[in-house]
Amino acid sequence: MNLIFRKIDVTNARDIQQFNELMDELTSHAQDEALLIKKIQRANNSENTFLLVVEDGDTKRLCGSVLAMIHDDFCEECRPFMLIENVVIHPDYRGKGVGRKMFEYIEKWGRAQHVSYAILCSGLNRQGAHKFYPAIGYDEIKGFRKYFRE
């Protein structure tokens, strides 16, 4: 499998559709396309944000995605940290090394930003992913979340 790591092309309707399908897999509901494009453009234009997609170069299918953001920190010698969110692999590509390679890529980007550590957020219901994360070096820690509903 020939994997291509890149940003989403917001002018490519197939990219937007397939990315929205990945988000649907992650959240169980597709997003408003216009809002999605706006958010992708903002991520693509930020030097502290990397919305990475993985494309199967043979089939042209987006098979995974991860969002990483660099944040300032006042600990660890004031080096920044990386927050990793919205990790998803298309069901047809799970267990084939896509996730591992995707994390290698995003962690390489984080190291280039001189981060001291990464925080990975994952929903409680993602049990399969929770078995994968320790295998690539992530320790489970307790965290908290509060939603603000409009």
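Residue numbers (numbering that gives the first Met the number 0): 0 to 149.
We put the CB at the ideal spot given by N, CA and C, even for glycine.
**Q.** Start-to-end residues for the beta strand (DSSP E) that takes in T48
**A.** Within the sequence shown, the letter at position 49 stands for residue 48. Taken as a continuous stretch (DSSP letters only), the beta strand (DSSP E) holding T48 covers T48 to D55.
Q | When T26, A67 and K37 are compared against M101, the one with the closest alpha-carbon | A | In the sequence shown, residue 101 corresponds to position 102, counting from 1. Between M101 and the set T26, A67 and K37, the nearest pair of CA atoms involves A67.
(Q) Just verifying my parser: in three-state terms, what is the DSSP assignment at C62? (A) As a first step, residue 62 is located in the sequence shown; it is residue number 63 there, counting from the start. If DSSP states are grouped into helix, strand and coil, C62 belongs with the strands.
Q | chain C contact for Q126 (CB, 8 Å cutoff) | A | Any reference to chain C falls outside this structure, which holds one protein chain only.
Q) Is it the case that the Cβ atoms of I7 and I39 are separated by a distance below 8 Å? A) To locate residue 7, count along the sequence shown from 1; it is residue 8. To locate residue 39, count along the sequence shown from 1; it is residue 40. Judged by beta-carbon spacing, I39 lies within the 8 Å limit of I7, meaning their Cβ atoms are closer than that value.
(Q) Measuring only the C-alpha atoms, how far is R60 from K95? (A) If you number the sequence shown from 1, residue 60 lands on position 61. If you number the sequence shown from 1, residue 95 lands on position 96. Taking the straight line from one Cα to the other gives about 15 Å.
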